[in-house]
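Here the structure is laid out as structure tokens; the discussion comes afterwards.
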Amino acid sequence: MRAVLSIITFANPQVLFGLLAISIPIIIHLFNLRRVKRVQFSNTALLKRIKEESSAKRKPVELLILASRILGISLLVLAFAQPLFKNQDNDLSLSNEVLIYLDNSQSLSSLNADGAASFDVLVNEANAIIESYAEGTIFHFVENSYSNSISADYTKESLKELLTEIEQVGVDRSVVEINSRIRGSNFTGDIYLLSDFQNKSSFEAVLKDTANNYYLVPSITEDISNVFVDTVYLENTFLSGSFANLLKLRLRRNFRDNQVINLKLLIDDQLFGTAEIDFGNQLIAEHEFEIQANTQGLDRIEIQIDDPTLAFDNSFFVSVNKLDKVRVVEVFDQTEPGFVKALFDDNDVFQYSRIDSRFLDNELIGSANLLIINQVDQLSNQLINVTTGLLESGGSVMFIPDAVSSSSDLNRLGIVTSRESGDRIQLSQPNFENPIFQGVFEEQNEDIEMPEAAVTFRVLNAELDYLQYRNGRSFLSKINSDGNLFFFSSPFDVEYSTFPNHALFVPIMYKLALGSKVNLSNLYYYTDSETIFFPLDDASGNRIFQLRSEFADLTPNQRLEGDRLILEIPKDVIETGQYNLSTEDGLVGTLSFNIPKDESNLTAIDPAIFEQLDLLDHVSVIESTDRGDVRQFLEAGIAGIPLWKYALLGALFFLFVEIILIRYL
């Protein structure tokens, strides 16, 4: 902190001439020292001794009486002169306009050393600031939710009343944001920033704004070990009725200590699972909950942490929305529908279309999430071109060869193959570590009876094998190419393969199809997320989308871009919890909002930053632990602390001392 030079000023300096009155007790004292004529008595020896002892005793008492009279008169005169104590280093002219920013983010739920909530302490300090200014001062106010206009004028009483209504919100603001809002209002005057300054270490705007006087009032709290949810994700990025999944959590805390917390998982307000998390000596701990097949209510998941230190982030909300329909287009070369149509047609998860290879629809194929080329014996230039374009745009293609397919046609699609003997060979056991099989099997059974298939083609540029023959050749592989290109080495006809009739057929085909849908909604958002992208199954029409919850109904700014909805959400109106995204036609999906991680990660700002700021002429840092410290700082540095009461008490004290000296000594 910078050194402070203190001075005393007087409201009535002319009264100081009254100090001349101290000459009165001095004159009286001098007259008491005059010489007197001595009269000798007969017993002179005894009287002389008594005289000497009495004179020696009276001299110091008379001096003390003189001192008490001088000090009493001096302090009485000073009391009427009304002295004011002032910090010369903070000797700023009072502005007639004051702006107060009150940080009401959730991080201020922490308690200080006295057990008081940091937010309540800041509210008290804001009141102390208001009381330190004279009547007639114009006040302006801003808090994190921007619920009031920064240009609105408040009196002392009206602003104090407003402070009683301010509540904590799930929105944080940086110094840059606050300063930008202040500049937009063209405010000039005294600016008070009351905050814990979590993640507000950028004071560049304050450094440059020398037109205003800044007063930083940091909330001082002790270090707190807070546990919060850092990340939630699914092991597989989709959930379908036939598959199980894992909901994985990463928990974080601020400090290392021997801490064990309890965890609960609620799905649709029903307890689904519990866990005990032991951090050991780590800052991060992970856990996973198994989501069983056919679990309902996944759009309303809540994770609860039993952490008594801070409660505002003990609930974390997640929404797994129903997967938008996956657009599957099959190009066929036969009149009879086969296994593919039976698999995808009349399925709520898929939007299935079937096209004859002789009458292709480029627009329909280009819109497919998954294109299945099913046993087309000759590939036309049109089909090769539209398929190549789909792959180059990141699409997914599944190729099921015909018995007479040529390697040259396959090569034009980027599938390098050679002809094989066509012998039927049993497939080997699947690799359960492969992501495509995760969630398919409840148990890893190594004794599964595997299907057989003819080794019709040998793939030479496979990137990843999903299924292999027992001889090590690829049966189902992902080709090294643009997009996602999957190739089966055998036709699906019964004389070539038993795979379509095997239990693996449905989950593998579904997994490949569902994996092609990459435009999924987020599991959760934060309350400061201002732009949200939500995929739509049907983006047609001029529908108005609304966010509805038990807290409020919102109609944010919105627009459609392709097959997704873009919402512009003011972060000052969103609260933690779950909102239904709906139109007049019904529910579209569910969005979950949580407190930003920065609010939960309570890390105190470096005190050295405040020390550097306090060196600036237009910035003052008020470090306080209670309301009195703030008011005393302001009165001492700006208005001055009146000392007349102390001077009057001092005068009365020395009057009492004089009476005691005269009466008893």
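Heads up: take any position in the sequence shown, counting from 1, add 454, and you land on our numbering.
All C-beta atoms in this analysis are idealised placements derived from N, C-alpha and C, irrespective of residue type, glycine included.
Beta-carbon separation (whole angstroms), residue i vs residue j, contact threshold 8 Å
i, j, result
"Gly472", "Val515", "Not quite, the Cβ-Cβ distance comes to about 27 Å (not below 8 Å), so this is no contact."
"Ile757", "Leu719", "6 Å"
"Glu744", "Leu700", "6 Å"
"His741", "Leu717", "7 Å"
"Phe733", "Gln713", "5 Å"
"Ser679", "Phe709", "4 Å"
"Ile584", "Phe593", "7 Å"
"Leu1115", "Leu518", "6 Å"
"His1072", "Thr664", "5 Å"
"Ser1046", "Tyr964", "Not quite, the Cβ-Cβ distance comes to about 26 Å (not below 8 Å), so this is no contact."
"Gln922", "Leu966", "Actually they do not touch by this definition, with Cβ atoms about 16 Å apart."
"Val625", "Asp1026", "5 Å"
"Ile731", "Ile715", "5 Å"
"Gln560", "Phe771", "Actually they do not touch by this definition, with Cβ atoms about 15 Å apart."
"Ser656", "Val686", "Their Cβ separation, rounded to whole angstroms, is 29 Å, which puts Ser656 and Val686 out of contact at 8 Å."
"Gly868", "Leu939", "7 Å"
"Gly937", "Ser850", "6 Å"
Assigned exposure category for residue i - 16 Cβ within 10 Å defines buried
i, result
"Glu1112", "buried"
"Glu1125", "What the structure shows of the chain is the stretch from 455 to 1119, and residue 1125 is not part of that stretch, so it cannot be assessed."
"Tyr980", "buried"
"Gly526", "buried"
"Lys1099", "exposed"
"Ala457", "Below a pLDDT of 50, predicted positions are generally treated as unreliable, and Ala457, at 42, falls in that range; the measurement from the model is reported next regardless. With fewer than 16 other Cβ atoms within 10 Å, it is exposed."
"Phe403", "For residue 403 there is no data in the structure shown, the boundaries of the chain being 455 and 1119."
"Asn775", "buried"
"Gly848", "exposed"
"Gly969", "buried"
"Arg754", "buried"
"Gly1040", "exposed"
"Tyr1118", "exposed"
"Thr618", "exposed"
"Pro884", "buried"
"Ile620", "buried"
"Lys513", "exposed"
"Gln750", "exposed"
"Pro954", "buried"
"Glu784", "buried"
"Val948", "exposed"
"Gly447", "Shown here, the chain extends from 455 to 1119; a query on residue 447 therefore has no answer."
"Met455", "With a pLDDT of only 39 at Met455, under 50, the local geometry of the prediction cannot be trusted, and the value read off the model is given with reservation. Looking at its Cβ environment, which holds fewer than 16 other Cβ atoms inside 10 Å, Met455 is exposed."
"Thr985", "exposed"
"Phe804", "buried"
"Arg627", "buried"
"Lys662", "exposed"
"Ser612", "exposed"
"Asp800", "exposed"
"Pro467", "exposed"
"Ala729", "exposed"
Strand pairing of residue i, partner residues [DSSP]
i, result
"Met852", "Ile826, Phe940"
"Arg704", "Thr685, Glu740"
"Lys932", "Leu918, Phe940"
"Leu565", "Ala571"
"Lys718", "Thr728, Gln758"
"Phe1047", "Tyr979, Gly1031"
"Phe464", "Pro537"
"Phe911", "Arg873"
"Tyr669", "Tyr646, Ser1074"
"Leu968", "Paired residue(s): none; Leu968 is not in a bridge."
"Ser951", "Ala907"
Interface flag, residue i vs chain B, CB-CB below 7 Å
i, result
"Tyr950", "Of the protein chains in the structure, only one exists, and it is not chain B."
Quiz item: Which runs of the beta strand (DSSP E) fall wholly inside the segment 982-1043 and span at least 3 residues, in chain order?
Solution: 985-989, 1000-1002, 1011-1015, 1018-1022, 1031-1037
Quiz prompt | At least 3 beta-carbon pairs within less than 8 Å: the segment 924-937 vs the segment 812-824 | solution = Contact annotation: the segment 924-937 does not touch the segment 812-824, with fewer than three C-beta pairs closer than 8 Å.
Exercise. Please go through the segment 576-662 and give each complete beta strand (DSSP E) segment of 3 or more residues, from N-terminal end onward.
Key: 592-597, 644-649
Practice problem: Could you say if the segment 665-685 and the segment 643-651 meet the contact criterion of at least three C-beta pairs nearer than 8 Å? | Solution: yes
Quiz prompt | Three CB pairs or more closer than 8 Å across the segment 941-951 and the segment 853-869 | solution = yes
Practice problem: Output the residue ranges of the beta strand (DSSP E) runs that lie fully inside the segment 743-824 and measure 3 residues or longer, sorted by chain position. | Solution: 755-759, 769-772, 780-786, 804-810
Quiz item: Taking contact to mean at least 3 C-beta pairs separated by less than 8 Å, is the segment 946-959 in contact with the segment 900-913?
Solution: Contact holds: three or more Cβ-Cβ distances are below 8 Å.
Quiz item: Is the segment 777-786 touching the segment 984-993 in the sense that three or more CB pairs, one from each, lie closer than 8 Å?
Solution: yes
Self-check item: the segment 1055-1073 touching the segment 1008-1028, judged by at least three CB pairs closer than 8 Å
Solution: no
Quiz item: Is the segment 826-842 in contact with the segment 857-869, if contact means three or more CB pairs nearer than 8 Å?
Solution: yes
Practice problem: For the segment 549-558 and the segment 569-586, state whether three or more C-beta atom pairs, one from each stretch, are separated by less than 8 Å. | Solution: yes
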